[in-house]
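K.L.:
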Amino acid sequence: MSSPNTLENVLYEKKGAIAYVTLNRPKVLNALNRRTWEDLRTAFADARDDAAVRGVILTGAGDKAFIAGADINELARVTAIEAEEASSFGQAVLNLIENLGKPVIAAVNGFALGGGCETAMACTLRIAAEHAKFGQPEVALGIIPGGGGTQRLPRLVGKGRALQLILSGATIAAQEAYRIGLVNEVVPAAELMTRSEAILKQIFSNAPLAVKFSLDAVNKGLETSQAEGLSLEASFFGLCAGTDDKKEGTQAFLQKRAPQFQGR
Numbered sequence: 012m013s014s015p016n017t018l019e020n021v022l023y024e025k026k027g028a029i030a031y032v033t034l035n036r037p038k039v040l041n042a043l044n045r046r047t048w049e050d051l052r053t054a055f056a057d058a059r060d061d062a063a064v065r066g067v068i069l070t071g072a073g074d075k076a077f078i079a080g081a082d083i084n085e086l087a088r089v090t091a092i093e094a095e096e097a098s099s100f101g102q103a104v105l106n107l108i109e110n111l112g113k114p115v116i117a118a119v120n121g122f123a124l125g126g127g128c129e130t131a132m133a134c135t136l137r138i139a140a141e142h143a144k145f146g147q148p149e150v151a152l153g154i155i156p157g158g159g160g161t162q163r164l165p166r167l168v169g170k171g172r173a174l175q176l177i178l179s180g181a182t183i184a185a186q187e188a189y190r191i192g193l194v195n196e197v198v199p200a201a202e203l204m205t206r207s208e209a210i211l212k213q214i215f216s217n218a219p220l221a222v223k224f225s226l227d228a229v230n231k232g233l234e235t236s237q238a239e240g241l242s243l244e245a246s247f248f249g250l251c252a253g254t255d256d257k258k259e260g261t262q263a264f265l266q267k268r269a270p271q272f273q274g275r
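At position 95 of the sequence shown the residue is numbered 106 (our numbering), and the sequence of numbers has no breaks.
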């Protein structure tokens with residue numbers, strides 16, 4: 012198990028309440044191999060467990076790629092059994108990102124293809140540079156998406172659009188990704204990180220537990236019926252109502268002052 016200080020393919024740093032996770036294999040367009048998946052798991056586990064970290068920005072080194080997909084040299088050599096295990100491992104890492112309990116912004120600064128698109132979809136929000144490209148081109152390699160693409164993409168853009176992207180293997184531009192709901196915003200490349208930071212800081216102004224429970228309610232609710240989701244929502248609403256932050260938030264509103272949340 013690597014530690015945050017021994018990461019090989021990922022840069023990991025913390026500035027204030029934000030952790031920055033940067034895929035650092037620019038010569039291969041930040042392609043995902045096994046070591047990179049392991050490094051991502053280590054970095055996000057640390058961000059999850061560090062109470063000082065309130066949000067994460069995930070991006071890629073260089074200006075060409077967020078993550079251009081799987082490392083094809085590694086993929087070409089795997090057996091069927093190894094491929095299934097690798098798929099399950101990658102899915103587990105993306106489940107960690109999706110259910111971190113803290114907002115994660117994918118700052119998509121170039122190609123987000125295959126596993127790169129899947130990684131972006133596991134994040135809470137996706138902010139794309141104007142030159143970013145998205146796609147699930149796995150069928151052209153004789154495989155299917157293996158990092159959650161067949162599951163998260165339909166949930167984000169609908170079944171028909173997801174199937175068109177998956178079955179055609181087509182690559183789409185950032186503005187088209189925005190039009191279909193795959194990304195939240197498209198910004199000039201020079202503004203990508205500052206806009207991502209601004210969104211996180213706006214989230215940070217709110218009650219930490221309310222943010223966490225909102226994430227939990229949406230993520231868990233999507234996996235259930237609407238009736239079950241509403242029951243989950245009521246439970247989380249009740250949990251929030253018992254917190255010191257709820258007392259502070261309501262009192263601050265009534266007293267017409269800014270709240271001072273403590274995450275309790």
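Cβ coordinates follow ideal geometry from the N, Cα and C atoms, glycine included. Being a predicted model, the structure only gives us computed values, none of them experimental.
Where do the ends of the alpha helix (DSSP H) carrying E109 lie?
P.N.:
Where E109 is concerned, the enclosing alpha helix (DSSP H) stretches over 91–109.
K.L.:
Would L265 be called buried (16 or more neighbouring beta carbons within 10 Å of its own) or exposed?
P.N.:
With fewer than 16 other Cβ atoms within 10 Å, it is exposed.
K.L.:
My output table needs one value for E49: the three-state DSSP class, helix, strand or coil.
P.N.:
In this structure, E49 counts as helix in the three-state DSSP scheme.
K.L.:
So who's on the other strand from I29, going by DSSP bridges?
P.N.:
DSSP, once it has assigned bridges, lists K26, G66 as partnering I29.
K.L.:
Using CA atoms only, rank isn't needed, just tell me which of T17, D61, F122, G160 is closest to L178.
P.N.:
If we check each option's Cα against that of L178, G160 comes out closest.
K.L.:
What did DSSP end up calling K144 once you bin it into helix, strand or coil?
P.N.:
K144 falls in the strand class under three-state DSSP.
K.L.:
From V21 to K267, what does the alpha carbon distance come to, in whole angstroms?
P.N.:
Taking the straight line joining both Cα atoms gives about 44 angstroms.
K.L.:
Whose CA, out of E129, A117, T205, lies closest to the CA of I68?
P.N.:
The shortest C-alpha separation from I68 is found at A117.
K.L.:
Hey, how far is the Cα of A221 from the Cα of A91?
P.N.:
When rounded, the distance between both Cα atoms is 43 angstroms.
K.L.:
Between the C-alpha atoms of A252 and L86, what's the straight-line distance to the nearest angstrom?
P.N.:
In a straight line, the C-alpha of A252 is about 49 angstroms away from that of L86.
K.L.:
Between the region 57–66 and the region 93–104, are three or more C-beta pairs nearer than 8 angstroms?
P.N.:
Judged by Cβ distances under 8 angstroms, the region 57–66 makes no contact with the region 93–104, as fewer than three pairs qualify.
K.L.:
Can the beta-carbon of P37 be found less than 9 angstroms from the beta-carbon of G80?
P.N.:
Going by C-beta atoms, P37 is not nearer than 9 angstroms to G80.
K.L.:
Considering I154, what are the terminal residues of the alpha helix (DSSP H) in which it resides?
P.N.:
Here I154 belongs to no alpha helix (DSSP H), and DSSP marks it neither H nor E.
K.L.:
Among residues of its own chain, excluding the 5 on either side of F122, which ones have a beta-carbon nearer than 7 angstroms to its beta-carbon?
P.N.:
Hits under 7 angstroms: L40, K75, A76, F77, A79, K144.
K.L.:
Would you mind working out which of P219, L243, A245 sits nearest L271, comparing C-alpha positions?
P.N.:
According to the sequence shown, residue 271 is Gln rather than Leu. When only C-alpha atoms are compared, the closest one is P219.
K.L.:
Which residue wins for smallest C-alpha separation from F248, given the options N230, T205, F224?
P.N.:
Ranking N230, T205, F224 by Cα distance to F248 puts F224 first.
K.L.:
Taking a contact to mean a Cβ-Cβ separation below 9 angstroms, would you say T130 touches I154 in this structure?
P.N.:
Contact flag unset, no.
K.L.:
Since I believe A139 is in contact with A188 (beta carbons under 8 angstroms), could you give me their beta-carbon distance rounded to a whole number of angstroms?
P.N.:
With 8 angstroms as the limit, A188 and A139 qualify as a contact, their Cβ atoms being about 6 angstroms apart.
K.L.:
Can you give the Cα-Cα distance for Q237 and N84, rounded to whole angstroms?
P.N.:
The alpha-carbon atoms of Q237 and N84 are separated by roughly 43 angstroms.
K.L.:
For G240, which three-state DSSP category applies?
P.N.:
Residue state, collapsed to three classes: helix.
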